[in-house]
Amino acid sequence: MPENRKKVLEVKHLKQYFGVGKPGMVKAVDDVSFDIYEGEVFGLVGESGSGKTTAGRSIIHLYNPTDGQIIFNGKDVSSFKSKQDKLDFTRNMQMIFQDPQASLNPRMTVEDIIAEGIDIHHLAKDKADRRKKVEDLLETVGLNRDHASRYPHEFSGGQRQRIGIARALAVEPSFIIADEPISALDVSIQAQVVNLMKDLQVQKGLTYLFIAHDLSMVKYISDRIGVLHFGKLLEVGPADDVYLKPLHDYTKSLISAVPEPDPEFERTRKRVPYDASIEKDKEGQPRKLREIVPGHFVRCSEAEIPFYKERAEKYETTEQPLPTV
Amino acid sequence: MGERILDIKNLQINFHTYAGDVKAIRDVSFHLDKGETLAIVGESGSGKSVTTKSLMGLLANNARVVGGQVLFHGEDILKKSEKQMQNIRGKDIAMIFQDPMTSLDPTMKIGKQIAEPLIKHKHVEKRKALAQALEILKLVGIDQAEKRMNDYPHQFSGGQRQRIVIAIALVCYPEILIADEPTTALDVTIQAQILDLMKELQQKIETSIIFITHDLGVVAGMADRVAVMYAGQIIEYGSVDEIFYNPQHPYTWGLLNSMPTLSSTNLEAIPGTPPDLLDPPKGDPFAARNPYAMKIDAEEKPPFFKVSDTHYASTWLLHPDAPKITPPDEIVRRRKVFAAMQASAN
Amino acid sequence: MAEEKINLQADSFEPLAQHTEDELDSEKIAAPSLTFSQDAWRRLKKNKGAVISLFLILIMVIVSFGSTPFINHAELVKSNPEYANLPAKIPGIDINGLNGKMKVSGVWTDVYKQNGIKDSVHFALGTDYLGHSLAQRIIYGTKISLTVAIVATLFDLLIGVTYGIVSGWKGGRTDNVMQRIIEIISSIPNLIIVVLMLIIFKPGMTSIILALAISEWTTMARMIRAETLSLKTEEYVLAARTLGESTGKIAWKHLVPNLSSIIIIQTMYTIPNAIFFEAFLSFIGIGISAPQTSLGVLLNDGQKNFQFLPYQMWYPAIVLVILMIAFNLLGDGLRDAFDPRTRR
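Protein chains in written order, with the numbering used here: chain A, 1076 to 1400; chain B, 3 to 348; chain C, 419 to 762.
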């Protein structure tokens, strides 16, 4: 665990409930804590209804958290009261959205969409400078300069997602939340967007919170992964460890369902079924994230630690059957 | 493989728009044998959905079939009237769509929805139809099927809904089941269950499946044969092993290369965007994104070159005069597997 | 295979060195760039009924408002008993009913000659019982009717759109209170409001416009609120919020442009509603009243002599009907043109 690295984001006991006090109250995010270090990619994985999108939106303060703290660069986000503080926050933290259809205003030109942040934060000297900045951003994300005057509906999904990335980059943020940026795209285009994001991260020293439901892509881009289920973090650890040596049964089940572009492997694959009822806390044995192997946490009770330790040890002693084709 | 039930020959479909004709399907030919699963793989806009909609006679109003035939048991479907198509649709050829919510009627009990095709196509009396509906509902793995026959779609989860959609499609034991991205809207664990279910049912019901998807990973475990579509054309087709372990077209390479595998540390994305079919490029449509493109690719559309009896690819790289190039590492690795498979087979 | 036909050159298999920008641009978009309104106009043009309606409305607006220098009100209320109740006479046209002749007890008689009116005097649509030119009154009346409609629509836009956006955007308790207010307002019949107005104001344009202003905007506000509720969760609105955009700017840049189709379509239904409401009030005598002129007043005047001089009611009725149908057809056409689901 890189203890000496700077924590960019600390999420502490984040709770986001909807419809508080009403019969249909939903605990979308329930007591989630994790840290993100400078320059890393933290992957947040979960199926639909796991609360991953809600978590991302609470962190960037699109929702007011029900409880808990979001600490960004050492400052509590909810303490920002003045307009300037809020503007600084939005400049430093940006978001890339899921649906390339819905995330661009259909009535605005690509230039105006990308320049929205430039206008808000007064980053351009004049019209020509604004135009130049937009064209440079278009080139950064691999589009043509003359696309600036077109409208979103003229672009394909992958192109639109790159416009969304350019809009986020326009204010030169240091931290980007990518909310399922690839799940609405074709597989062939997913790699393009993920590679672009990876390159940008290296070039501009960005830190990402990468939210997705597709474990294989998350593993590829992330340094560390957190697995979210029913609003609770079940497992957190280095990407390879979580993917290759999963400790929690849910993670195992998720990984066993990921399709592989490999007929031989698919013919022999065994899916691991998962029974969500084991997540129910037992009386007097509260569960929380506990470190099993250095850097690798699992949500468990005190009594379950030995069980997971044993499971982790098994990975070290027995050779894991990696699919060799 | 069994008898040939579907034969599509030189299909060409245009869409009329204000800006001109979009050439969505440009000379597509393929066939389907009894009991097999054919996967059509392609990006959005490659024409894979349009192709199958033409089989069902469900093309949009501004679509025009410019040429070709769709032979179902030797008869051209494209020449049939809407009334004749209604008899084929749902009975002989059934379809599953991407979004299970919009393909179910929210105001009708699901038992009735499943029984309806039986009553309509096979003139089964209502009580018998409901009994058969119950059977198929059990078959697709809905718990407490008797009770749930009287539930409405919103009382089911997304995965269960897709099971019901499958039940409706299969209740008449169709000869062909067209599945248009049936798992794209689902979570991976649910996707895995639905795929398993489809495989299992195919054995029981003996239907042929055309499986449309953009995700090569889903295809690997499902398909017997694979056709890869790009820009309104099929650019490579072959058995599932041939496509995955011995691919020949650079686009197929690109697709395989851009998918994360358990062992991969590096993804090679295909650069750029598919061509705009309003003004399709002459020559090989993939040339603009192809790092192995040759001068002839920009001039002439490559014909299909034979790789094996079942495997054809439309790329100039297979021309005897073409220079020998080394494909990407991932493809080299896959070809080694193929060589090993061939060796062990002999 | 078609291989034989292909002319292979010596260098055919050389690598395609540089992908030239315009020839092999992998990000090329072939379709011409269309803005949203250009696209909508392109689709509206396909709807013949809507285009004809648009022209009719434009002609009516231009003629009625363009007539201001030529037809003034003081002149119009002066009565000319010698010209009273003349039928239409258009020089050069010899069709019974348009040539100054009228059926009097079953016989076509030239009323102009009968009354000893000079040959140079003719009224294109005849005159009313006070000898006013009916054509002039109809043009003037249309202007008044349109003015009522336009002013009422402006209130509709100002109050309805703002109210709807605020209610939808704020949500929660604010929204709840604002919606209850709308329900109270819309539960009071328009007619009662007008009658109550009569206590304070004289019957006339002011009371009609005020009555419309008080009640008519609720439909617009409801529609705008419903759409705002769904727009505010759109990702581009969220994106604007994460960029730090202020609420006012979000409303102006993101909500209003995307609400514009609803606004325009709703306006197309508000205008004929207002015209009809004015005509109705004037007809039953609690709106604009003679000697003032509006389409409703003309209908009211006309129906008194309908049995003997039917043209006095027919002409204003035809204008009213054309106005109503044209606005409704145009509204339908605009709805189809703006609806992306019908996009081709």
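Ideal placement from N, C-alpha and C gives every residue a C-beta, glycine not left out.
- For Trp526/C, the enclosing beta strand (DSSP E) has its first and last residue at 525-528.
- Within chain C, not a single residue places a beta-carbon under 7 Å from that of Met110/B; the smallest gap is close to 24 Å.
- For Ser1178/A, the chain C residues whose C-beta falls within less than 9 Å of its own C-beta are Glu652, Glu653, Tyr654, Leu656, Ala657, listed in chain order.
- In the DSSP assignment, Tyr239/B falls within the unbroken beta strand (DSSP E) covering 235-241.
- Leu1303/A sits close to Gly1121/A, with the two beta carbons spaced by under 8 Å.
- Residues of chain B with a Cβ closer than 9 Å to the Cβ of Ala1332/A are, in chain order, Asp189, Val190, Thr191, Ile192, Gln193, Ala194, Gln195.
- Per DSSP, the unbroken alpha helix (DSSP H) holding Glu1341/A starts and ends at 1338-1343.
- Here the C-alpha atom of Pro675/C lies approximately 46 Å from the C-alpha atom of Ile10/B.
- Assigned with DSSP and collapsed to three states, Arg1182/A falls in coil, not helix or strand.
- Between Pro1140/A and chain B, the shortest Cβ-Cβ separation is not below 8 Å.
- Secondary structure note for Ser678/C: its alpha helix (DSSP H) is the uninterrupted segment 674-702.
- Sequence-distant partners of Asn64/B (beyond 5 residues in either direction) whose C-beta falls short of 8 Å from its own C-beta, in its chain, are Phe17, His18, Thr19.
- Between Gly559/C and Ile513/C, the alpha-carbon positions lie close to 27 Å from each other.
- For the pair Asp1254/A and Thr1128/A, the CB atoms are nearer than the 8 Å cut-off.
- Residue-level contact by beta carbon holds for Tyr1226/A and chain C, with a gap shorter than 8 Å.
- Minimum Cα-Cα distance from Thr1215/A among the listed residues Ser1291/A, Pro1181/A, Asn1270/A corresponds to Asn1270/A.
- Chain C places a beta carbon closer than 8 Å to that of Pro1181/A, counting this residue as a contact.
- For Asp217/B, the three-state secondary structure derived from DSSP is coil.
- Excluding its 5 nearest sequence neighbours in each direction, Val309/B has C-beta neighbours in its own chain below 8 Å: Gly240, Glu244, Asn248, Gln250, Ala315, Leu320, listed in chain order.
- One finds nothing in chain B with a Cβ atom closer than 7 Å to the Cβ of Ala553/C; even the nearest lies about 43 Å away.
- Under DSSP, the beta-bridge partners assigned to Tyr1092/A are Lys1102/A.
- Secondary structure in the segment 150-231 of chain B: the beta strand (DSSP E) runs of 3 residues or longer, each lying completely within the stretch, are 178-182, 210-215 in chain order.
- Residue state for Thr660/C is assigned as helix, using DSSP reduced to three classes.
- A Cβ-Cβ contact shorter than 8 Å links Leu132/B with Gly113/B.
- Within the same chain, Gly274, Pro277, Pro283 come within 8 Å of Ala290/B by CB-CB distance, once the 5 residues on both sides are set aside.
- Of the candidates Pro734/C, Ala755/C, Glu432/C, Tyr530/C, the residue whose Cα lies closest to the Cα of Met478/C is Pro734/C.
- Selection Lys93/B, Asp145/B, Met97/B evaluated against His125/B yields Lys93/B as nearest (Cα-Cα).
- Gln100/B is a Cβ neighbour of Pro184/B, given a cutoff of 8 Å.
- Assignment of beta-bridge partners to Glu1366/A by DSSP yields Phe1372/A.
- When secondary structure is reduced to three states using DSSP, Tyr1138/A falls in the coil class, being assigned neither helix nor strand.
- Judged by their CB atoms, Ala1223/A and Glu653/C are not nearer to each other than the 8 Å cut-off.
- For Gly1094/A, the CB contacts under 7 Å within the same chain, skipping 5 residues up- and downstream, are Met1100, Val1101 in chain order.
- Per DSSP, the unbroken beta strand (DSSP E) holding Val24/B starts and ends at 22-35.
- Scanning chain B for C-beta atoms nearer than 8 Å to the C-beta of Pro734/C yields nothing, as the closest lies near 41 Å away.
- Within the segment 467-553 of chain C, the beta strand (DSSP E) runs of at least 3 residues that lie entirely inside it are, in chain order, 519-522, 525-528.
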